[in-house]
Amino acid sequence: MQLELFGWLVVGLLAGILSGLVVPGKSARGCLPNLLVGILGGIIGGFLSRELQIGDPSGLLGAIVIAFVGAVIVRLIIGAVAPPNQT
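Residue numbers (my numbering): 214 to 300.
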């Protein structure tokens with residue numbers, strides 16, 4: 214069970230990092246925010262894939278793709294509701 218949890222943490226981190234490269238802005242950057250965005254993205258991506266009847270991801274690559282799509286959605290939502298940076 215610990216290996217499964219560790220695997221999903223790695224998938225979440227990778228999805229968070231990849232989504233940070235795609236979505237512009239400065240919100241939710243760093244190791245822990247990327248991990249949290251990626252995990253939340255995995256949850257949202259998994260929910261959407263089941264609701265749209267795409268199916269459950271099979272293997273590591275499928276899990277990363279689903280989590281990446283969800284993480285991009287999470288970052289776009291964060292960017293839409295976050296106040297603009299004041300420098």
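Even for Gly, the Cβ is constructed at its ideal location relative to N, Cα and C.
Between residue 255 and residue 225, the CB-CB gap stays under 8 Å.
Counting other Cβ atoms within 10 Å of its Cβ, residue 281 reaches 16 or more and is therefore classed as buried. In the displayed model, residue 246 falls within a helix according to three-state DSSP. The C-alpha of residue 267 lies about 15 Å from the C-alpha of residue 274. In the structure shown, residue 238 falls within a coil segment according to DSSP collapsed to helix, strand and coil.
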